[in-house]
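One structure below.
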Amino acid sequence: MSIFDRLKDGFDLADISGIIGDLQKEGNLNFDKILSNDFIKQFTDFNNKDELLDKLGIHDLSQLSNLLQNSAAKEKIDGVINHNSQFANLEELLKKALKR
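Going by my numbering, the letters in the sequence shown line up with residues 888 to 987, in that order.
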């Protein structure tokens with residue numbers, strides 16, 4: 888099953904770090920395009936990517952895949968997303984972003 892089939896069929900947060908890693912390796916994932924400032928401003932309480940990154944404690948969106956390897960970090964990310972957006976967790980946010 889291809890990565891895009893996995894995304895289309897739905898996935899759970901346990902699989903998201905693998906999907907992100909696979910997409911990055913293939914060069915098919917550009918977080919800057921997927922999570923643009925326009926998307927972040929429209930769907931979160933943040934005005935831009937930098938505010939989101941600050942709240943997550945990272946400097947670059949590409950660091951997300953490493954954070955998702957750690958269950959405590961996933962929990963923190965999901966809490967930030969849940970508290971500052973209409974999404975319950977990062978999985979929902981990414982699904983919306985990938986559909987745009």
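Every residue, glycine too, gets a C-beta built ideally from N, C-alpha and C.
For the stretch 918 to 926 against the stretch 967 to 984, do three or more pairs of beta-carbon atoms, one drawn from each stretch, fall closer than 8 Å, so that the two count as touching?
yes
Let me know if Lys986 comes out buried or exposed under the rule of 16 or more other beta-carbons within 10 Å of its beta-carbon.
In the sequence shown, counting from the first residue as 1, residue 986 sits at position 99. That one is exposed.
So, is Asn976 buried or exposed, given that buried needs 16 or more other C-beta atoms within 10 angstroms?
Here residue 976 refers to the residue found at position 89 when the sequence shown is read from its first residue. Around the CB of Asn976, 16 or more other CB atoms lie within 10 Å, so the residue is classed as buried.
What are the boundary residues of the alpha helix (DSSP H) that Ala960 is part of?
Working through the sequence shown from its first residue, we reach residue 960 at position 73. Its alpha helix (DSSP H) spans residues Ser958 to Asn971.
So, is Leu972 buried or exposed, given that buried needs 16 or more other C-beta atoms within 10 angstroms?
For this step, residue 972 is matched to residue 85 along the sequence shown. Rather than Leu, the amino acid found at residue 972 in this sequence is Ser. So Ser972 counts as buried.
For Asp932, the first and last residue of its enclosing alpha helix (DSSP H)
Along the sequence shown, one-based indexing puts residue 932 at 45. From DSSP, Asp932 is part of no alpha helix (DSSP H); its letter is neither H nor E.
How many whole angstroms separate the CB atoms of Leu940 and Thr931, which I take to be in contact at a CB cut-off of 8 Å?
Indexing the sequence shown from 1 puts residue 940 at position 53. Indexing the sequence shown from 1 puts residue 931 at position 44. About 12 Å; that fails the 8 Å criterion.
Looking at the unbroken alpha helix (DSSP H) that takes in Asp941, where does it start and where does it end?
Along the sequence shown, one-based indexing puts residue 941 at 54. Here the alpha helix (DSSP H) through Asp941 covers Lys936 to Leu943.
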